[in-house]
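The letter at position 106 of the sequence shown is residue 108 when you use our numbering, and the numbering goes up by one with no holes.
Reading through the structure tokens given below for one structure.
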Amino acid sequence: MASSDDAKLRPLPNTAALSGVLEAFAFFRDPAFAQKRFERHGNVFETSLLGQPMVFIQGGQAIRDLLAQPNAVEGWWPESVRQLLGSHSLANRNGASHRARRRVIGQLFSASALQRYSAGIISMVQDLADELQAAKTALPLAERMRRFAFSVIATTVLGLEGTDRDELFVDFEIWTRALFSIPIALPGSSFAKALKARERLLRRLQKVLLKASNGNGGLDLLAGGLDEAGIPLTDEDMVEQLLLLLFAGYETTASSLSCLMRELLLNPQVETWLREEINGVDWPPAPEQATTAYDQVNAPKLDAVVSEVMRLTPAVGGFFRRTKCALVIDGVEVPKNRVVQVALAASNRHGAGDLEAFRPQRHLEDGCSATLLPFGGGERVCLGKPLAELEIRLMVVGLFHQLRLHLIPDQDLTLQMLPSPTPRDGLLTKVL
């Protein structure tokens, strides 16, 4: 006989998709894919994407329920991501092997490591400000944000310079574009090109690892890294962690910076509001204060702008877990062996009020209860989060303290959503 608690559970709504081919097509093409189905089925529903049962969730209660049961779920990624990251990758591991590698790679994003990187990041911000100031024609700011984010992780962390860094960037862009794609390596397809780019990336990263002891970058922090059995990580293992490191420290940062610049330039009243604070702080920050000079305490308006951008356009539209047993999410029983996607973009706009509007001030108001997880949540939160936040704050203050930027008219400012949101025409910008 069912208990009274069991009797209260709602059945898992289902879209009735069988093969999931049409659902997969819509998933990749329609930014409102999840939102439309939430409106029809509620905050928890199941569909099929190319034969893979997938449960989508939104809302604070559903997300809290999922993250409150870490032992009932494990990490999961689509097949395209799994293949392109590799079997050794931290992202594709669970349990003790995941925790061991996370401890090793996490050293690259510690407070002391960020302090070490700060001077290099500030120099790169200043170089971009000087380039924009000197430019005679409009520059695609989104492309510059991508170059900047990659340079930080490749130069400041990995210790690469010049041609080595530029060649790595070309292959990494090819690799990134196919992360969320159909994992069939047809000749000439983006996935096939990405697999070849991955081979070249791993060879280059192997050389980087061999030079780790030369003192450039931060890779010396990985010395002595051990696996779950206390055995030093193999070079093959470490190289795949470095590939993940590039992804964790680059793609989401580049997207967040591009979307932030877009919102400020589209909303001049918010830019004016933010400039009042930026004009009251020093640039560049004192070296010993670089990691905290523009944090939530010292720059609350900037913190609110960053939070609002990540609410409206999270760099990653969601994150995944796979159930190891049946569990209850927002009053709905989700069976064992179901992939659950937390639909961040839809969830962040779910509820009453002006949630479709870009209004950073909401994060400074009493009673603001927005729970944002732009870097994922729980024990698998993105390792690159501290570095990304530092880069974003330094870039915004560095540019807006010195320049007044202007959007070139008649360009497409809508967002291309995969692999991460970015303005379609590159955010063409000039200095006033």
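Ideal placement from N, C-alpha and C gives every residue a C-beta, glycine not left out.
Can you tell me which of A301, A93, E76 and P72 puts its alpha carbon nearest to the alpha carbon of S82? Counting from one through the sequence shown, the residue named residue 82 turns up at place 80. The shortest Cα separation from S82 among A301, A93, E76 and P72 belongs to A93.
Output yes or no for whether 8 angstroms exceeds the beta carbon distance between L193 and A199. Locating residue 193 in the sequence shown gives position 191, where the first residue counts as 1. Locating residue 199 in the sequence shown gives position 197, where the first residue counts as 1. It should be noted that the sequence gives Phe, not Leu, for residue 193. Contact annotation: F193 and A199 have beta-carbon atoms that are not nearer than 8 angstroms.
Reduced DSSP secondary structure (H/G/I, E/B, other) of N16: On the sequence shown, position 14 is the one that residue 16 refers to. Strand.
Out of S258, S91, G428 and K10, which has the shortest C-alpha to C-alpha gap to L244? Residue mapping note: residue 244 aligns to position 242 of the sequence shown, counting from 1. The shortest C-alpha separation from L244 is found at S91.
Taking contact to mean 3 or more Cβ pairs, one atom from each stretch, closer than 8 angstroms, check whether the stretch 67–82 and the stretch 324–332 are in contact. The stretch 67–82 is in contact with the stretch 324–332.
Beta-bridge pairing of Q109 - partner residues as DSSP gives them: Position 107 of the sequence shown, counting from 1, holds the residue named residue 109. Q109 has no beta-bridge partner at all, per DSSP.
Taking all protein chains shown into account, do 16 or more other C-beta atoms lie within 10 angstroms of the C-beta of S120, making it buried, or fewer, making it exposed? Counted from its first residue, the sequence shown places residue 120 at position 118. Buried: at least 16 other Cβ atoms inside 10 Å.
Tell me the rounded alpha-carbon separation between F171 and A354. Residue 171 sits at position 169 when you count from the first residue of the sequence shown. Residue 354 sits at position 352 when you count from the first residue of the sequence shown. Taken atom to atom, the span from the alpha-carbon of F171 to that of A354 is near 42 angstroms.
Endpoints, alpha helix (DSSP H) assigned at E201: Taking the first residue of the sequence shown as position 1, residue 201 is located at position 199. E201 -> alpha helix (DSSP H) spans S192 to L212.
Quick one: residues in its chain with C-beta nearer than 7 angstroms to the C-beta of I107, no 5 flanking neighbours on either side, listed in chain order? Counting from one through the sequence shown, the residue named residue 107 turns up at place 105. Excluding five sequence positions before and after I107, the CB atoms of its chain that fall closer than 7 angstroms to its own CB belong to L92, Q243, L247 and L385, given in chain order.
Beta-ladder partner(s) of P142, from DSSP: The count along the sequence shown starts at 1 and reaches residue 142 at position 140. Answer is L430, bridged to P142.
Check whether E25 and A19 have beta carbons under 8 angstroms apart: Looking up residue 25 in the sequence shown gives position 23. Looking up residue 19 in the sequence shown gives position 17. A19 is positioned such that its CB atom lies closer than 8 angstroms to that of E25.
Pick from E265, N281, S422 and K338: whose alpha carbon is nearest that of T255? Residue 255 sits at position 253 when you count from the first residue of the sequence shown. Looking at the Cα atoms, S422 is the closest of the given residues.
For G226, which residues in the same chain have their Cβ closer than 8 angstroms to its Cβ, ignoring the five residues on either side in sequence? The residue labelled residue 226 in the question sits at position 224 within the sequence shown. Excluding positions up to five away in sequence, the list reads P234.
I need the DSSP call for P435, collapsed to helix, strand or coil. One cannot answer for residue 435 here, as it falls past the ends of the chain, which runs 3 to 434.
Check whether the Cβ atoms of E230 and A98 lie closer than 8 angstroms to each other. Numbered from its first residue, the sequence shown carries residue 230 at position 228. Numbered from its first residue, the sequence shown carries residue 98 at position 96. Contact flag set, yes.
Element boundaries [alpha helix (DSSP H), containing G226]: For the purposes of this step, residue 226 is taken as the residue at position 224 of the sequence shown. Counting along the chain, G226 falls outside any alpha helix (DSSP H), and DSSP gives it neither H nor E.
Alpha helix (DSSP H) containing G251: first to last residue? Taking the sequence shown and counting its residues from 1, one reaches residue 251 at position 249. Note, G251: alpha helix (DSSP H), D237 to L268.
For L420, which three-state DSSP category applies? As a first step, residue 420 is located in the sequence shown; it is residue number 418 there, counting from the start. Three-state DSSP puts L420 in coil, outside helix and strand.
Give the DSSP-derived three-state secondary structure of H408 in the structure shown. For the purposes of this step, residue 408 is taken as residue 406 along the sequence shown, with counting starting at 1. Reduced to three states, the DSSP call for H408 is strand.
Grouping DSSP H, G and I as helix and E and B as strand, with all else coil, what is P185? Along the sequence shown, read from residue 1 onward, the residue named residue 185 stands at position 183. Coil.
Cβ neighbours of W285 in the same chain (closer than 8 angstroms, five flanking residues each side left out): Numbered from its first residue, the sequence shown carries residue 285 at position 283. Cβ neighbours of W285 beyond the five flanking positions: V399, G400, H403 and Q404.
Can you tell me the Cα-Cα spacing of F47 and G428, whole angstroms? What you label residue 47 is simply residue 45 of the sequence shown in a count that begins at 1. What you label residue 428 is simply residue 426 of the sequence shown in a count that begins at 1. So the two alpha carbons sit approximately 35 angstroms from each other.
With distances taken Cα to Cα, identify the nearest neighbour of M240 among G379, V57, A301 and A102. Mapped onto the sequence shown, residue 240 falls at position 238. When only C-alpha atoms are compared, the closest one is A102.
Ends of the beta strand (DSSP E) at I331? For this step, residue 331 is matched to residue 329 along the sequence shown. Its beta strand (DSSP E) spans residues L329 to I331.
Backbone CA spacing between G77 and L141 [nearest angstrom]: Along the sequence shown, one-based indexing puts residue 77 at 75. Along the sequence shown, one-based indexing puts residue 141 at 139. Cα-Cα distance, rounded: 39 angstroms.
Would you tell me roughly how many angstroms separate the C-alpha atoms of A250 and R382, rounded to the nearest one? To locate residue 250, count along the sequence shown from 1; it is residue 248. To locate residue 382, count along the sequence shown from 1; it is residue 380. Taking the Cα positions, A250 is about 12 angstroms away from R382.
Out of curiosity, what's the CA-to-CA distance linking S6 and D356? The residue labelled residue 6 in the question sits at position 4 within the sequence shown. The residue labelled residue 356 in the question sits at position 354 within the sequence shown. In this predicted model, S6 has a pLDDT of only 41, less than 50, meaning its place in the structure is not dependable enough to derive any value.
Quick check: L86 and L181, are their CB atoms within less than 8 angstroms of each other? Here residue 86 refers to the residue found at position 84 when the sequence shown is read from its first residue. Here residue 181 refers to the residue found at position 179 when the sequence shown is read from its first residue. Their beta carbons are under 8 angstroms apart, which means L86 touches L181 by this criterion.
Hey, could you find the ends of the alpha helix (DSSP H) E391 is sitting in? In the sequence shown, counting from the first residue as 1, residue 391 sits at position 389. Taken as a continuous stretch (DSSP letters only), the alpha helix (DSSP H) holding E391 covers K387 to F402.
To which residues does DSSP link L51 through a beta bridge? Within the sequence shown, residue 51 is the residue found at index 49, counting from 1. BP columns for L51 point to Q54.
In terms of residues, what are the limits of the beta strand (DSSP E) holding Q343? Counted from its first residue, the sequence shown places residue 343 at position 341. Counting along the chain, the beta strand (DSSP E) containing Q343 begins and ends at V341 to A345.
Applying the criterion that 16 or more other CB atoms from any shown protein chain within 10 Å of the CB defines a buried residue, is E358 buried or exposed? By one-based count along the sequence shown, residue 358 stands at place 356. Exposed is the call here.
Hey, G451 and L221 are a contact pair by Cβ (cut 8 angstroms); roughly how many whole angstroms apart? The requested residue 451 is not part of the displayed model; the chain covers only 3 to 434.
Whose C-alpha, out of L110, K138, S112 and I155, is nearest the C-alpha of G122? Position 120 of the sequence shown, counting from 1, holds the residue named residue 122. Taking only the C-alpha atoms, the option nearest G122 is I155.
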